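Notes follow once the structure below has been shown.
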Amino acid sequence: MENVSLVILASLTAALVLLPKWGLIARWRESRRMTEKCRREDALKYILKREVNGQTPTLNGVAGALEIHSNKAAELLSEMERRGLISFDCGQLRLRHAGRELALHVIRAHRLWESYLADQTGVEEAKWHHLAERKEHLMTPDEAEELSARLGHPVRDPHGDAIPTVGEELAADAGQSLNSAPLNAVMQIEHIEDEPETVYAQLSAVGIRPGMRVCVFEKSPERIRFWADGQEHVLAPILAHNISVIPLPESAGQDLFDEEFLAGLKPGQNARILGLTTACRGAERRRLLDLGFVPGTSIEVEMVSPGGDPTAYRVRGTLIALRREQARLIRISTSEAQPL
Amino acid sequence: MNADQADAGAESPAEDILRTAQRLRQGITGDLHEYWVEAIYADAARIADRAVSRPEKKARPTWDRTIDRIVTSRLWGFPIMAVLFTGMFWITISGANIPSGWISNLLIDRICPLLRQSADAVGFPWWLKGLLVDGIYLCTAWIIAVMLPPMAIFFPLFTILEDYGYLPRVAFNLDNLFRKAGAHGKQSMSMMMGFGCNSAGVVATRIIDSPRERLIAILTNNFALCNGRWPTQFLIASVFIGSLVPAYLAGFVAAASVTGIAMLGVAATFVISWLLSRSVLKGEVSTFSLELPPYRPPRIWQAIYTSLLDRTLFVLWRAIVFAVPAGAVIWLSANLSIGGQSIAEHFVNLLNPIGLLIGLNGVILFAYVVAIPANEIVIPTILMLTVLTTGSTAMGQGAGVLFEIQSEGALRELLHSGGWTLLTAVNLMLFSLLHNPCSTTIYTIYRETGSARWTAIATLLPLAMGFAVTFTVAAIWRMFT
Numbered sequence: 001m002e003n004v005s006l007v008i009l010a011s012l013t014a015a016l017v018l019l020p021k022w023g024l025i026a027r028w029r030e031s032r033r034m035t036e037k038c039r040r041e042d043a044l045k046y047i048l049k050r051e052v053n054g055q056t057p058t059l060n061g062v063a064g065a066l067e068i069h070s071n072k073a074a075e076l077l078s079e080m081e082r083r084g085l086i087s088f089d090c091g092q093l094r095l096r097h098a099g100r101e102l103a104l105h106v107i108r109a110h111r112l113w114e115s116y117l118a119d120q121t122g123v124e125e126a127k128w129h130h131l132a133e134r135k136e137h138l139m140t141p142d143e144a145e146e147l148s149a150r151l152g153h154p155v156r157d158p159h160g161d162a163i164p165t166v167g168e169e170l171a172a173d174a175g176q177s178l179n180s181a182p183l184n185a186v187m188q189i190e191h192i193e194d195e196p197e198t199v200y201a202q203l204s205a206v207g208i209r210p211g212m213r214v215c216v217f218e219k220s221p222e223r224i225r226f227w228a229d230g231q232e233h234v235l236a237p238i239l240a241h242n243i244s245v246i247p248l249p250e251s252a253g254q255d256l257f258d259e260e261f262l263a264g265l266k267p268g269q270n271a272r273i274l275g276l277t278t279a280c281r282g283a284e285r286r287r288l289l290d291l292g293f294v295p296g297t298s299i300e301v302e303m304v305s306p307g308g309d310p311t312a313y314r315v316r317g318t319l320i321a322l323r324r325e326q327a328r329l330i331r332i333s334t335s336e337a338q339p340l
Numbered sequence: 341m342n343a344d345q346a347d348a349g350a351e352s353p354a355e356d357i358l359r360t361a362q363r364l365r366q367g368i369t370g371d372l373h374e375y376w377v378e379a380i381y382a383d384a385a386r387i388a389d390r391a392v393s394r395p396e397k398k399a400r401p402t403w404d405r406t407i408d409r410i411v412t413s414r415l416w417g418f419p420i421m422a423v424l425f426t427g428m429f430w431i432t433i434s435g436a437n438i439p440s441g442w443i444s445n446l447l448i449d450r451i452c453p454l455l456r457q458s459a460d461a462v463g464f465p466w467w468l469k470g471l472l473v474d475g476i477y478l479c480t481a482w483i484i485a486v487m488l489p490p491m492a493i494f495f496p497l498f499t500i501l502e503d504y505g506y507l508p509r510v511a512f513n514l515d516n517l518f519r520k521a522g523a524h525g526k527q528s529m530s531m532m533m534g535f536g537c538n539s540a541g542v543v544a545t546r547i548i549d550s551p552r553e554r555l556i557a558i559l560t561n562n563f564a565l566c567n568g569r570w571p572t573q574f575l576i577a578s579v580f581i582g583s584l585v586p587a588y589l590a591g592f593v594a595a596a597s598v599t600g601i602a603m604l605g606v607a608a609t610f611v612i613s614w615l616l617s618r619s620v621l622k623g624e625v626s627t628f629s630l631e632l633p634p635y636r637p638p639r640i641w642q643a644i645y646t647s648l649l650d651r652t653l654f655v656l657w658r659a660i661v662f663a664v665p666a667g668a669v670i671w672l673s674a675n676l677s678i679g680g681q682s683i684a685e686h687f688v689n690l691l692n693p694i695g696l697l698i699g700l701n702g703v704i705l706f707a708y709v710v711a712i713p714a715n716e717i718v719i720p721t722i723l724m725l726t727v728l729t730t731g732s733t734a735m736g737q738g739a740g741v742l743f744e745i746q747s748e749g750a751l752r753e754l755l756h757s758g759g760w761t762l763l764t765a766v767n768l769m770l771f772s773l774l775h776n777p778c779s780t781t782i783y784t785i786y787r788e789t790g791s792a793r794w795t796a797i798a799t800l801l802p803l804a805m806g807f808a809v810t811f812t813v814a815a816i817w818r819m820f821t
């Protein structure tokens, strides 16, 4: 009797360890294979990004980007060379055709997944990059294409980066750091670097997003003060460095300071809607548009809830209540108002 | 040859067009939707301006504005709400007693004996008669008698308020409170509906268009004490808690304790909403908008008709579908024996240790298992099982036959003989608030969410809370007595 149960126990243990797909050994090998794949693809990504920005990719750079020892990085690169992904001529790292294709696909998958998270889920902004870092290695080109179609072929990801299409070259990073922006000129945020994650989380927590128009009015070694979306922001230069901006020469700094938002509208006042800010996106944005919060619409405060929030607005003859955090996302103009 | 050429010729422009379409498609930016909506609104406004003439003076909106100013004012908003809802519940509870009595008299006191007689006349064996009449028929009749009248009163009243346009104002007034719990103001409406019936409350969450807030409203709807649980609360409160104080205070204290339980349910709604929105539901999409439609004179007959059809009969039908097997199970478990004891007694004995640990007993737990189809039959099942397990012959109408006791004294005596204490009563009231939803509601949650996972969470979360709360209360109670 004891022998029988011993045999059963032994065979169960053996099965647990040796089973071809679910056994511990198979799983361990699978996870090692996955780690290797992720490392190769991350290295390709790093090399491609350096190349398009006119910088030289190096072995130490790869080791730093992947957070691995340089011996390990050397091993990885020679493995990639064997696979025909890169060439290592005269000490110069170069992508070969297959490597370039794969790197582009991984970047595309990453940016598409971030767009998906931003547009179709309620996952908080600080987690997008992290989740996409994992997902990019799991998507096939066909899946990426399908996702792109589902999202309406987005051109830019939520950080402002262009999503490369199949067979296209990756665009170089545009814009300059917010630290180098001239004083009192209107700039548009082009891109917010999503690494390191803590810096990105801080920036997104104060509501800084690509597409936002900003105007820097004070710079010192300790801090940089600027105006955006009707609010003053103060950042340390080390944080501001992660924000890339491009100049918007046609608008004057004063316009930006004079921007008005629906949240500031007083009961009984009329206004005209100018548009939704870029911070308003995904389902929220579509919902507001469907309700008629489109540019040119007249709007008026009808009543405020006894709790102070939400506020009911009269838009196109209907009464719609919005919370203050949403009313902050709607740009209005009181001077261009027409009586209802 | 010609045909082949034509084919080849037709294919290449087609492919060309597809390629061009593909290229153009990729050139379209994410703002397409926006341009589209703007263009549609511009077109609609142009057409409306041409076709609709607007009178100069606006009579109705001013009238609407006046009402809105009052019902959403800081001073009057909340008192008006309190008065309307108290009135609604009072009418439902006091108004339902009379028709409930009629239906029960007809279905249970008159038709049931007739059925028994005719079963005898046809020559049914005793077990078939018992299963069909005492089991299935009686359980179904019981549920109809207790469930139908309150719902037939509550749902039309609710629909009239909804129809008039008042309920969206309630959502508007209360939104700030729900916002802090991570929920939507419209949840106040589904919660209010839940006080009538959780199943209807879950259906009512359809008005919440934001996926995250809708799931929160569905998962917490069970914390609204439904119609089927009010009678249990009133009965136990008046028998055990009302009797603690002098007779002239008894009614007041009992009512206050039931209100306290209902308020505890509201508190649980807010706390669990807050927890859910910050844990499992974090990644769901969330938007907010609340339309406040103009006031309309309620179409009373239409409201009664649609609410009876859409809500009352809908819920009643689902309850009956689940009541039939429950009646059979209750009767069979009390009448089938294994080793000289009925199945029910075996289960009661099995559940007794757990029951006693959380300050209840095996009878109550088993009653909650077999009464999953409807909370309305919990008390009759408990009484039947208590008689069965104590072997008391003075009361009851036989194994597996549900019954009710009119006299409070007799009821107290029976329950005391079943080993009940004040702790059992308090914990039963708590457990009645915090346990799994009835099978009708569980099924409705499954239909509405389409997900076994959310259905399981909605079912097990309140049950786990019920066990935790009753266990804690029992432990503290035993520490001090």
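Here the protein sequences come in this chain order: A and B.
Take the first sequence: its position 129, counted from the start at 1, is 129 in the working numbering, and no numbers get skipped.
Take the second sequence: its position 202, counted from the start at 1, is 542 in the working numbering, and no numbers get skipped.
We put the beta carbon where it would ideally sit given N, CA and C, even for glycine.
Here the structure is a predicted model, which is why all the values come from computation and not from measurement.
Excluding the 5 residues flanking it on each side, A:S87 has same chain C-beta neighbours closer than 6 Å at R94 and R96, in chain order. For B:G417, the nearest beta carbon of chain A is closer than 8 Å to its own beta carbon. When DSSP states are grouped into helix, strand and coil, A:H97 belongs to the helix group. Taking CB atoms only, A:G211 has no neighbour in chain B less than 8 Å away.
The alpha-carbon of B:S682 is positioned some 10 Å away from that of B:T729.
Taking 8 Å as the cut-off, the beta carbon of A:R328 is found closer than this to the beta carbon of A:A263. For A:E300, the uninterrupted beta strand (DSSP E) run begins and ends at S298 to V304, by DSSP. B:R409 is positioned such that its CB atom lies no closer than 8 Å to that of A:M187. For the options B:Y708, B:A459, B:F518 and B:G623, the alpha carbon positioned closest to that of B:V669 is the one of B:Y708. Along the length of the segment 259–331 of chain A, whole alpha helix (DSSP H) runs at least 4 residues long occupy 282–290 and 324–327, reported in chain order. Excluding the 5 residues flanking it on each side, B:G435 has same chain C-beta neighbours closer than 6 Å at I493, in chain order. Distance from the CA of B:R414 to the CA of A:H130, rounded to the nearest whole angstrom, comes to 46 Å. Look at A:E136 here: in three-state DSSP terms it is coil, with no helix or strand label. Residue environment: B:A587 is assigned as exposed (fewer than 16 neighbouring CB atoms within 10 Å of its CB, all protein chains considered). Using a 10 angstroms sphere on the CB of A:Q326, the tally of other CB atoms reaches 16 or more, which defines it as buried.
Residue pairing of B:S682 in beta bridges, as defined by DSSP: B:S677. Of all residues in the segment 182–204 of chain A, none has a C-beta nearer than 8 Å to a C-beta of chain B. Sorting B:W760, B:I782 and B:F425 by C-alpha distance to the C-alpha of B:N701 places B:W760 at the top. By the neighbour-count criterion, in which a residue is buried when 16 or more other Cβ atoms sit within 10 angstroms of its Cβ, B:Y645 is exposed. In this structure B:L723 touches B:L754 by the C-beta definition: roughly 7 Å separates them, less than 8 Å.
The beta carbon of B:I612 lies closer than 6 Å to those of T560 in the same chain, with the five residues before and after it left out. Under the Cβ criterion of 8 Å, B:S626 is counted among the residues facing chain A. Going by DSSP, B:I493 is part of the alpha helix (DSSP H) stretching over L478 to Y504. Along the length of the segment 173–251 of chain A, whole beta strand (DSSP E) runs at least 3 residues long occupy 186–192, 213–219, 224–228, 231–235 and 243–247, reported in chain order. Residue nearest to A:A174 within the set A:D309, A:E193 and A:L12 is A:E193 (criterion: CA-CA distance). Annotation: the continuous beta strand (DSSP E) that includes B:E631 extends over L630 to L632. B:D383 does not reach chain A, its nearest Cβ partner there being about 12 Å away, counting only Cβ pairs nearer than 7 Å. Proximity of B:E631 to chain A, defined by a Cβ-Cβ separation below 8 Å, is satisfied. Chain B places a beta carbon closer than 8 Å to that of A:S305, counting this residue as a contact.
For the C-beta of B:E355, not a single chain A residue is nearer than 8 Å; the gap to the nearest is close to 17 Å. With respect to the C-alpha of B:R456, the residue from B:K622, B:A544, B:V655 and B:Y477 having the closest C-alpha is B:Y477.
Secondary structure of A:I86 (DSSP, three-state): strand.
At the C-beta level, B:M487 and B:E716 come within 8 Å of one another. Taking all protein chains in view, the Cβ of B:R386 is surrounded by fewer than 16 other Cβ atoms within 10 Å, so the residue is classified as exposed. Distances from the CA of B:D474 to each of B:P720, B:G731 and B:I782 were compared; the closest alpha carbon is that of B:P720. Between the segment 157–164 of chain A and the segment 106–125 of chain A there are three or more C-beta pairs closer than 8 Å, enough to call the two in contact.
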